[in-house]
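Data block below; observations after.
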Amino acid sequence: MKREEILDGLRQSPKVDVCVIGGGINGISVFRELALQGLNVLLVEKHDYCSGASSALSRMVHGGLRYLENGEFKLVQESLVERDRLLRNAPHYVAPLPTTVPVFDIFSGLGNGIVRFLGLSRRPSRRGAVAIKAGLSIYDFLTRKRALMPRHQFRGRRTTLAKWPALNPEIKSSATYFDAWVSHPERLGIELLQDGLLAGAMALNYAELRRTENGQYRVEDQIGGTSVAVEPALIINATGGWIDAANQTLFSEEERPSPLIGGTKGSHLIIDNAALRDALADHMIYYENEDGRICILFPYLGKVLVGSTDIRVDDPETVRCEADERDYILQSLAFVLPDITIRPEQIVFRFAGVRPLPASTDSFTGRIPRDHFCTVLEPSGGPPVLCMIGGKWTTFRSFGELAADMALVRLGRRRRVATTDRPIGGGRAFPANIPVWQAQTAAGKGLSGGRMADLFARYGTDAEAMAAFIAAGHDAALPHAGYSTRELQLLIREEAVEHLDDLLLRRTTLAVSGELSLDMTDAALDLLAQEKRWTLARRAGERERFLTLLNERHGVDEDMLSARNEPRSTECDTTAKSG
1 MKREEILDGL RQSPKVDVCV IGGGINGISV FRELALQGLN VLLVEKHDYC
51 SGASSALSRM VHGGLRYLEN GEFKLVQESL VERDRLLRNA PHYVAPLPTT
101 VPVFDIFSGL GNGIVRFLGL SRRPSRRGAV AIKAGLSIYD FLTRKRALMP
151 RHQFRGRRTT LAKWPALNPE IKSSATYFDA WVSHPERLGI ELLQDGLLAG
201 AMALNYAELR RTENGQYRVE DQIGGTSVAV EPALIINATG GWIDAANQTL
251 FSEEERPSPL IGGTKGSHLI IDNAALRDAL ADHMIYYENE DGRICILFPY
301 LGKVLVGSTD IRVDDPETVR CEADERDYIL QSLAFVLPDI TIRPEQIVFR
351 FAGVRPLPAS TDSFTGRIPR DHFCTVLEPS GGPPVLCMIG GKWTTFRSFG
401 ELAADMALVR LGRRRRVATT DRPIGGGRAF PANIPVWQAQ TAAGKGLSGG
451 RMADLFARYG TDAEAMAAFI AAGHDAALPH AGYSTRELQL LIREEAVEHL
501 DDLLLRRTTL AVSGELSLDM TDAALDLLAQ EKRWTLARRA GERERFLTLL
551 NERHGVDEDM LSARNEPRST ECDTTAKSG
């Protein structure tokens, strides 16, 4: 259903079983879970889907090796199980990631780790080889029955520097283990959303649920400027770092609950530096800065992702990677790879998000639990509000399952569909032989093999439907990027694109990969304006809105975009075979 159809349907029938507020990865997960059980579900998201913390993750799908220090064994085990499920259910976006830990000491951190585990110390500390060996042995033990990836291994100093000669020569050894990474997290969120929509549920981005003075609820549409009454039997607050702010609008002043969230900010850089990328040898380097803070860097879409910080934050609405955070990340990089210099212009994108951690007074943010749980609040005269507290990206499915099962009990309904082994989007019917699948599909749709390979990397097996749409009309390459007019048209029409940043920051990877140019921005805007029938004034306003957001939130100004207007050697191939 399109936006107006959903709103018209609510006007005619305002009763819904569940209204989920928050269209991040956890909100979408519980939305999908409930929709598949046959419930009448409505999701409302204040901004765009996966536009908050769900787009600002480290792009890792991992068990949480460092959580073992906090004694969070249950969370680590759950995370590893969910990591392995994503490797099976979303192989088009989630892939194994060899991860190497440089080790600078042997026994350091062992005693401190024990007292931290017992809750007797809050200090971060450097971890030596013995502590790292213990953690990785637990990792291997927890995954021993599945054994999807190799066990960890240690290397001596000489062998380590032979493979990674740019590493700080003060290292004593290194350890390598396997986790995973996600290439297109926002697209994975869209595919989960589509699963729920196909089951008959409803979703609106750029919409808010608000309680009126008489205790009723209305959905306010930010796009059309209208509002519609809605009568949910249950509300699920899945707004992450915004949970407390959302509760302010769901409860009367007398009943507003105590704070539930105490988030911390994580900032990351995307760096375009060939020497840095080559120095990684296709591994993630999982290292400690000199202050004991864990940092990561790994190859990402042809660039290198580096992060992250862990800073308390009160207002998730305004978070961005500040100059001091950029400097901290670069300083940590200089510590682990001292001979590689990063020039300012090589930082092609920055992003920051808020980890939705439980409210805590702990002075050391690394000690705040990363686990998730749900709590139910009971306002007088209104439906119960189930709040999803905490959580990490890797465990979105199990967290959504937990919240959905609690909702089902509340509503007297039973689960009828499990999602544990349910493929996601382009992970369905995933081919055992990818090159053969690509070649056959390309031939059938009249596209070149290279073009089909690009589409497969972006959409998995859903690339077949995209290829069919592209082949059905006149297509043209867009400037300085491997996208085409027909490809973006389908995204705009089918994936609830309402603003230019929806398209360029989340439905595609153009911005985060540092590929976005000013010419590409204007070409995409022309397509969007044509599809939306915008006036010239509306188009100009959208352009200014996007460029301001890109500069203020992601450190990319108009001059940087203009500099990328130079022709690239790899343009999108839109040629089709005759006939």
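Throughout the sequence shown, residue numbering follows the UniProt record's numbering, covering 1 to 579 in sequence. Even for Gly, the Cβ is constructed at its ideal location relative to N, Cα and C.
Here Ala439 has Gly449 as same chain residues with Cβ atoms under 7 Å from its own Cβ, once five neighbours each way along the sequence are excluded. Linking Trp437 to Pro431 through their CA atoms gives a straight-line distance of about 7 Å.
DSSP lists Ser267 as the beta-bridge partner residues of Ala352. If only complete runs of 3 or more residues are kept, the region 161 to 213 shows the beta strand (DSSP E) at 173 to 182, 202 to 205 and 207 to 211, in order along the chain.
Cβ neighbours of Glu213 within its own chain (closer than 7 Å, five residues either side excluded): none.
In this chain, the alpha helix (DSSP H) harbouring Asp8 covers Arg3 to Gln12. Under the three-pair Cβ rule at 8 Å, the region 25 to 35 counts as touching the region 387 to 401.
Thr100 places its beta carbon 8 Å or farther from that of Tyr300. As summarised for the region 280 to 363, the continuous alpha helix (DSSP H) elements at least 4 residues long and confined to that stretch are 323 to 336, given in chain order.
In terms of CA proximity to Glu345, Leu561 leads the group Asn433, Gln12, Leu148 and Leu561. At the C-beta level, Gly266 and Thr309 come within 8 Å of one another. Positions of the alpha helix (DSSP H) runs, each at least 4 residues long and wholly inside the region 13 to 69, are given as 25 to 36 in order along the chain.
One alpha carbon belongs to Ile132, the other to Gln194, and they sit about 41 Å apart. Look at the region 425 to 478 and you find these whole runs of alpha helix (DSSP H), each 4 residues long or longer: 434 to 445, 449 to 459 and 463 to 471. The beta carbon of Ala35 sits closer than 8 Å to those of Val41, Asp195, Gly196, Leu197, Ala199, Gly200 and Ala201, all from its chain and outside the five residues before and after it, given in chain order. Note that the region 453 to 462 does not touch the region 215 to 226; fewer than 3 beta-carbon pairs, one per stretch, sit closer than 8 Å. Annotation: Val306 to Leu297 spans about 4 Å, alpha carbon to alpha carbon.
In this structure, Trp164 keeps its C-beta atom at 8 Å or more from the C-beta atom of Ala334. Distance from the CA of Gln37 to the CA of Val44, rounded to the nearest whole angstrom, comes to 19 Å. Between the beta-carbon of Thr419 and that of Glu82 there is about 11 Å, and that puts the pair past the 8 Å contact cut. By DSSP's assignment, Asp221 forms a beta bridge with Ala207. Collapsing the DSSP output to three states places Asn237 in a strand. Looking from the CA of Gly292, the closest CA among Ser332, Ala281 and Ala323 belongs to Ser332. Judged by DSSP secondary structure, Leu260 falls outside any beta strand (DSSP E); it is assigned neither H nor E. In this structure, Ser484 places its C-beta atom within 8 Å of the C-beta atom of Ala476. Secondary structure note for Gln153: it is in no alpha helix (DSSP H), and the uninterrupted beta strand (DSSP E) holding it is Gln153 to Gly156. Assignment of beta-bridge partners to Ser484 by DSSP yields Ala477.
A straight-line Cα-Cα distance of about 12 Å links Gly514 and Phe351. Judged by DSSP secondary structure, Leu525 falls within the alpha helix (DSSP H) whose first and last residues are Leu518 to Lys532.
Boundaries for Leu503: no beta strand (DSSP E) harbours it, and the DSSP string shows neither H nor E there.
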